[in-house]
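Asks: So the sequences go chain by chain: G and P. The first sequence begins at 69 in my numbering and counts up by one. The second sequence begins at 69 in my numbering and counts up by one. Each residue gets a CB set at the ideal place from its N, CA and C atoms; glycine is no exception. If you're wondering where the values come from, they're calculated on a predicted model, not measured in any experiment. Pasting a structure below so you can have a look.
Number of protein chains: 2
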Amino acid sequence: MPYDPSAFPPFAVTVDLVVLTVRRHALCALAVRRGEPPYQGRWALPGGFVRGDEDLTTAAARELAEETGLNAHDPAGPVLPNAAHLEQLATYGDPKRDPRMRVVSVAHLALAPDLPAPRPGGDARSVRWAPVEELLDQEAGYGRDGEQVTPLAFDHAQILADGVERARSKIEYSSLATAFCPQEFTVGELRRVYEAVWGVALDPRNFHRKVTGTPGFLVPTGGTTTRQGGRPAQLFRAGGATLLNPPMLRPEA
Amino acid sequence: MPYDPSAFPPFAVTVDLVVLTVRRHALCALAVRRGEPPYQGRWALPGGFVRGDEDLTTAAARELAEETGLNAHDPAGPVLPNAAHLEQLATYGDPKRDPRMRVVSVAHLALAPDLPAPRPGGDARSVRWAPVEELLDQEAGYGRDGEQVTPLAFDHAQILADGVERARSKIEYSSLATAFCPQEFTVGELRRVYEAVWGVALDPRNFHRKVTGTPGFLVPTGGTTTRQGGRPAQLFRAGGATLLNPPMLRPEA
DNA sequence: CGAATAGTGTCTGTTAGACAATATCTT
DNA sequence: AAGATATTGTCTAACAGACACTATTCG
Numbered sequence: 069m070p071y072d073p074s075a076f077p078p079f080a081v082t083v084d085l086v087v088l089t090v091r092r093h094a095l096c097a098l099a100v101r102r103g104e105p106p107y108q109g110r111w112a113l114p115g116g117f118v119r120g121d122e123d124l125t126t127a128a129a130r131e132l133a134e135e136t137g138l139n140a141h142d143p144a145g146p147v148l149p150n151a152a153h154l155e156q157l158a159t160y161g162d163p164k165r166d167p168r169m170r171v172v173s174v175a176h177l178a179l180a181p182d183l184p185a186p187r188p189g190g191d192a193r194s195v196r197w198a199p200v201e202e203l204l205d206q207e208a209g210y211g212r213d214g215e216q217v218t219p220l221a222f223d224h225a226q227i228l229a230d231g232v233e234r235a236r237s238k239i240e241y242s243s244l245a246t247a248f249c250p251q252e253f254t255v256g257e258l259r260r261v262y263e264a265v266w267g268v269a270l271d272p273r274n275f276h277r278k279v280t281g282t283p284g285f286l287v288p289t290g291g292t293t294t295r296q297g298g299r300p301a302q303l304f305r306a307g308g309a310t311l312l313n314p315p316m317l318r319p320e321a
Numbered sequence: 069m070p071y072d073p074s075a076f077p078p079f080a081v082t083v084d085l086v087v088l089t090v091r092r093h094a095l096c097a098l099a100v101r102r103g104e105p106p107y108q109g110r111w112a113l114p115g116g117f118v119r120g121d122e123d124l125t126t127a128a129a130r131e132l133a134e135e136t137g138l139n140a141h142d143p144a145g146p147v148l149p150n151a152a153h154l155e156q157l158a159t160y161g162d163p164k165r166d167p168r169m170r171v172v173s174v175a176h177l178a179l180a181p182d183l184p185a186p187r188p189g190g191d192a193r194s195v196r197w198a199p200v201e202e203l204l205d206q207e208a209g210y211g212r213d214g215e216q217v218t219p220l221a222f223d224h225a226q227i228l229a230d231g232v233e234r235a236r237s238k239i240e241y242s243s244l245a246t247a248f249c250p251q252e253f254t255v256g257e258l259r260r261v262y263e264a265v266w267g268v269a270l271d272p273r274n275f276h277r278k279v280t281g282t283p284g285f286l287v288p289t290g291g292t293t294t295r296q297g298g299r300p301a302q303l304f305r306a307g308g309a310t311l312l313n314p315p316m317l318r319p320e321a
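The following block contains the structure:
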C-alpha cells in the first residue's frame, strides 16, 4: 500500500482538555458552555484547533493558559506557583463524533490546585468548575442556574470519564496527587485530595505513616499551619520522587 | 475563540503499530522496510492512513490484519486462535515529524503470540520481527542482511520505546502477558514471557505460587505437556481476570 | 472544658523473596 | 544415573489495616 501524502482524506485536529481540581472536598472539572450549534447551550470540555505549526502538547498548554491562566508544569524548569500537571490522555476519532466534519481530538489531562482567583477567558457565566459526579450523572443534571448540564456535548462524557479514571489510577503509584495541592500543604490536605479523587475515606493515621515514610514523596518545609483547625500541622513541599513504591492502595469498597 | 470548522489547517491522520511478540526468549517488534523516500531503505513501524469513514481502532485493526494476518481480539466476542491484544498507545504530532507534510499519527500497541506461520503482506524481505533491543540500540545496528536497522525512520524509535514501556508496565498489574502465549500454555512458558519482556530472571518457584494463587488468572485445561523438557507441566488457558491484585512485582535490578 | 485535627505506637494477617526438597520426564 | 523442568513447602522481613493513645490548637 503506497504511502501517498497527496491523496489523504482531510481531517481537522483539535485538543480537548480534562482539567481537574479539588474544591470543597469534591473532584471538579472545568466545563465551558457552547454558544453555537451543534449542542448549543450544552456544556463541553474546553478545547480548540491545533494550529498548523504547533505541537500537540503546545496546543494543549496554550488552551489551558487561555482558559485558566495556568502554566503547564515543565519538569525541567523551576516549580512555578501557578503550574499544573499536563499529559496526553487519549485520542478520539469516531467518524461521527462531530456532525459537521471529520474531527480527531487529542485529549489531554491537566491536574491543578484549587485556583485562588479563577480567571475565566471572558464571560464568567460560560466557564465553571463542576463536580465530575454531576457532569457524568446519566440522569438529568442541572447546574447552579438551572441550565442543563448533562449529557456533555459530543463524546466529552466519555473523554471526561477516561480522564477521571486516569487520575484515579495514577495517584496510586505516582506522586501526582501533589499537583492538586498548593506549593506548601499538610498531610491532612493531601489526604483530602486522595479522598476526593477516590471518593473514599482513608484512615488519617495509616495515611500519615505511609506518605511520610515514602522517601522523596514529601519534604518538610519547617513551617506549620493551623488553617485546618486543631493541632498545628507540619507543612510540606512535593519531593523529587515521581513513582511511589510500594504504591498507595485504593480501598476496594 | 469561535469554533469554525471550515477554517482549519489540513492534517493527514495515520495509525502506526507497535506489534510485539516473544521469540526465542527475546522481545521482538514488527518492522517494515521503507521502499521510498523519505528514509528510503530504513526500517519503520507498520502503519498507514486512516480512511475517511473509519474509526481509529478500526484502522489499526485493518493494518494489523494486513501486515500479520492477526485479528484484533474483541473482548465481547469468542476467543479466536489468531487473536492479538490491541489498544491505543499515544498520538504523535510534532509539526516536523514527517518532512513532507503535517501528519498526526495515532500509535497503537498490539501484543501477539509467536506466529507459527508469519504471513508478511507481500515481499518477505521487507517485513521482519526484530529484537527491540536491536531496533532501539543507539549505536549502529545492522540486521541479518547487513542493512542498516537503526535508527528507525521518522520518530518511530520513540514510539517503539513508548510501546515497550507500556507493555512492560501493563503486565505488572494486568493479565496481558497471556496475550503473548498460545491459547494453551504452561506456567513456565508464561514466566519466560515475563523474563523476556522485563529482561530479568524470575524465581520459578515463587512465580508459580504467585500466578496459580491469583484467582481468575489461569484456568487449568487438564492436559499436560513436555514440550519444554523435564517433568510434564500442566496446561492452562487465560482466565477471566483482567487486573492482577496484588500485581506482579518487577524486580528493580 | 470539649471538639477538632495532628501525630506516634502496637498488633495482626498477608505477601514477597529466599531457598530446601520432592516429582517426573528425556537422554 | 544425570540433567532438566515442574511443583510444593518453609522461613523471614516488609507492609497494610485496625485501632489505642497522646499532642496541641480553638472556642
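By the 10 Å Cβ neighbour count, where 16 or more other Cβ atoms means buried, how is residue 164/G classified, buried or exposed?
Replies: Indexing the first sequence from 1 puts residue 164/G at position 96. Exposed: under 16 other Cβ atoms inside 10 Å.
Asks: Under 7 Å: does the beta carbon of residue 87/P sit that close to some heavy atom of the ligand HEM?
Replies: Of the ligands one can find in the structure shown there are none, so the ligand HEM has no counterpart to examine.
Asks: With a threshold of 8 Å between beta-carbons, can residue 108/P be considered close to chain G, or not?
Replies: Translated into the one-based positions of the second sequence, residue 108/P becomes position 40. It does not; no Cβ of chain G falls within 8 Å.
Asks: Taking all protein chains shown into account, do 16 or more other C-beta atoms lie within 10 angstroms of the C-beta of residue 272/P, making it buried, or fewer, making it exposed?
Replies: Working through the second sequence from its first residue, we reach residue 272/P at position 204. Exposed, because fewer than 16 other Cβ atoms sit within 10 Å of the Cβ of residue 272/P.
Asks: Let me make sure I understand the geometry here. Which of 125/P, 141/P and 96/P has the alpha-carbon closest to that of residue 251/P?
Replies: In the second sequence, the residue the question calls residue 251/P occupies position 183. Residue 251/P has its Cα closest to that of 141/P, out of 125/P, 141/P and 96/P.
Asks: Report yes if the C-beta distance between residue 116/P and residue 82/P is below 8 Å; otherwise report no.
Replies: The residue given as residue 116/P occupies position 48 in the second sequence. The residue given as residue 82/P occupies position 14 in the second sequence. Their beta carbons are under 8 Å apart, which means residue 116/P touches residue 82/P by this criterion.
Asks: State yes or no: is the beta carbon of residue 69/G nearer than 8 Å to at least one beta carbon in chain P?
Replies: Numbered from its first residue, the first sequence carries residue 69/G at position 1. Per-residue confidence for residue 69/G stands at a pLDDT of 46, beneath the threshold of 50, marking its modelled position as unreliable; no derived number is given.
Asks: If you drop the 5 nearest sequence neighbours on each side, which residues of the same chain put their C-beta closer than 6 Å to that of residue 316/G?
Replies: As a working mapping, residue 316/G is identified with position 248 in the first sequence. Same-chain partners within the cutoff: 240.
Asks: At a CB-CB cut-off below 7 Å, which residues of chain P make contact with residue 84/G?
Replies: Within the first sequence, residue 84/G is the residue found at index 16, counting from 1. Here the premise fails: no neighbours, minimum Cβ distance about 11 Å.
Asks: Interface residues of chain P around residue 223/G at Cβ under 8 Å?
Replies: If you number the first sequence from 1, residue 223/G lands on position 155. What residue 223/G touches in chain P: nothing, since even the nearest Cβ is about 12 Å away.
Asks: Assuming residue 302/G is part of the alpha helix (DSSP H), what are its boundary residues?
Replies: For the purposes of this step, residue 302/G is identified with residue 234 of the first sequence, where counting begins at 1. Looking at the DSSP string, residue 302/G is not in any alpha helix (DSSP H); the run it does join, the beta strand (DSSP E), is 301-306.
Asks: Could you compute how far the alpha carbon of residue 282/P sits from the alpha carbon of residue 90/G?
Replies: Taking the second sequence and counting its residues from 1, the one referred to as residue 282/P is at position 214. Taking the first sequence and counting its residues from 1, the one referred to as residue 90/G is at position 22. Rounded to the nearest angstrom, the two C-alpha atoms are 35 Å apart.
Asks: Suppose you measure from the CA of residue 105/G to the CA of residue 318/P; what does that come to, to the nearest Å?
Replies: As a first step, residue 105/G is located in the first sequence; it is residue number 37 there, counting from the start. As a first step, residue 318/P is located in the second sequence; it is residue number 250 there, counting from the start. Near 50 Å, if we compare the C-alpha coordinates of residue 318/P and residue 105/G.
Asks: How is residue 142/P classed by DSSP in three states: helix, strand or coil?
Replies: One-based indexing of the second sequence puts residue 142/P at position 74. Residue 142/P: coil per DSSP, three-state reduction.
Asks: Residues of chain P with CB under 7 Å from residue 159/G, in chain order?
Replies: Counting from one through the first sequence, the residue named residue 159/G turns up at place 91. Result: 124, 156, 159 and 174.
Asks: Along chain G, which residues have their Cβ under 9 Å away from the Cβ of residue 14/P?
Replies: Any answer about residue 14/P is impossible in this case: the structure gives chain P only from 69 up to 321.
Asks: Take the Cβ of residue 304/G as the centre, count every other Cβ of all protein chains shown within 10 Å, and call the residue buried at 16 or more, exposed below.
Replies: Here the question's residue 304/G lines up with position 236 in the first sequence. When all chains shown are included, residue 304/G counts as buried.
Asks: Do the CB positions of residue 154/G and residue 129/G come within less than 8 Å of each other?
Replies: In the first sequence, the residue the question calls residue 154/G occupies position 86. In the first sequence, the residue the question calls residue 129/G occupies position 61. The answer is yes: Cβ separation under 8 Å.
Asks: So is residue 258/G buried or exposed if we call it buried at 16+ other beta carbons inside 10 Å?
Replies: Counted from its first residue, the first sequence places residue 258/G at position 190. So residue 258/G ends up on the buried side.
Asks: Runs of 4 residues minimum, wholly inside the region 205-275 of chain P: which ones carry the alpha helix (DSSP H) assignment?
Replies: Here the runs fully enclosed are 224-241 and 255-266.
Asks: Below 8 Å between beta carbons: does that hold for residue 249/G and residue 181/G?
Replies: Within the first sequence, residue 249/G is the residue found at index 181, counting from 1. Within the first sequence, residue 181/G is the residue found at index 113, counting from 1. In this structure, residue 181/G lies closer than 8 Å to residue 249/G by Cβ.
Asks: Taking residue 230/G as the reference, give the member of 80/G, 79/G and 86/G with the closest Cα.
Replies: Taking the first residue of the first sequence as position 1, residue 230/G is located at position 162. Of the listed residues, the one whose Cα sits closest to residue 230/G is 86/G.
Asks: Looking only at its own chain, which residues have a Cβ that is under 8 Å from the Cβ of residue 310/P, when we skip the five neighbours before and after it?
Replies: Position 242 of the second sequence, counted from the first residue, corresponds to residue 310/P. Excluding residues within five positions, the ones whose Cβ falls inside 8 Å are 242 and 243.
Asks: Go through its chain and collect everything with a Cβ distance to residue 69/P's Cβ below 7 Å, but skip five positions before and after it.
Replies: The residue labelled residue 69/P in the question sits at position 1 within the second sequence. Reliability fails at residue 69/P, whose pLDDT of 46 lies under 50, so the model's placement of it is uncertain and the value that follows must be treated cautiously. Nothing meets the Cβ criterion.
Asks: Roughly how many angstroms separate the alpha carbons of residue 227/G and residue 107/P, rounded to a whole number?
Replies: For this step, residue 227/G is matched to residue 159 along the first sequence. For this step, residue 107/P is matched to residue 39 along the second sequence. Computed Cα separation, rounded: 36 Å.
Asks: Please report how far the alpha carbon of residue 80/P lies from the alpha carbon of residue 84/G, in whole angstroms.
Replies: In the second sequence, residue 80/P corresponds to position 12, counting from 1. In the first sequence, residue 84/G corresponds to position 16, counting from 1. If I take the Cα positions, the gap works out to 19 Å.
Asks: The region 90-107 of chain P: which residues have C-beta closer than 9 Å to a C-beta of chain G, in chain order?
Replies: The region 90-107 of chain P vs chain G, Cβ under 9 Å: 102, 103 and 104.
Asks: Ignore the nearest five residues each way along the sequence and tell me which others in residue 263/G's own chain have a CB closer than 7 Å to its CB.
Replies: Along the first sequence, one-based indexing puts residue 263/G at 195. Closer than 7 Å at the Cβ level, and outside the excluded window around residue 263/G, lie 269 and 270.
Asks: From the DSSP output, read off the bridge partner residues of residue 173/P.
Replies: The count along the second sequence starts at 1 and reaches residue 173/P at position 105. In DSSP, residue 173/P forms a bridge with 82/P and 160/P.
Asks: Does any C-beta atom of chain P lie closer than 8 Å to the C-beta of residue 81/G?
Replies: Sequence index remark: in the first sequence, residue 81/G carries index 13 (1-based). Yes, because at least one Cβ of chain P sits closer than 8 Å to the Cβ of residue 81/G.
Asks: Report the partner residues of residue 97/G according to the DSSP bridge assignment.
Replies: Against the first sequence, residue 97/G aligns to sequence position 29. Answer is 88/G and 198/G, bridged to residue 97/G.
Asks: Since residue 123/G and residue 161/P are thought to touch, with beta carbons under 8 Å apart, how far apart are those beta carbons, to the nearest angstrom?
Replies: Start at 1 with the first residue of the first sequence, and residue 123/G comes out as number 55. Start at 1 with the first residue of the second sequence, and residue 161/P comes out as number 93. So it is a contact: roughly 6 Å between Cβ atoms.
Asks: List, in order along the chain, the chain G residues whose C-beta lies closer than 9 Å to that of residue 167/P?
Replies: For the purposes of this step, residue 167/P is taken as the residue at position 99 of the second sequence. None at all; the shortest Cβ gap to chain G is about 10 Å.
Asks: Residues of chain G with a CB under 7 Å from the CB of residue 120/P: which are they?
Replies: Reading the second sequence from its first residue, position 52 is the one you call residue 120/P. Result: 77 and 170.
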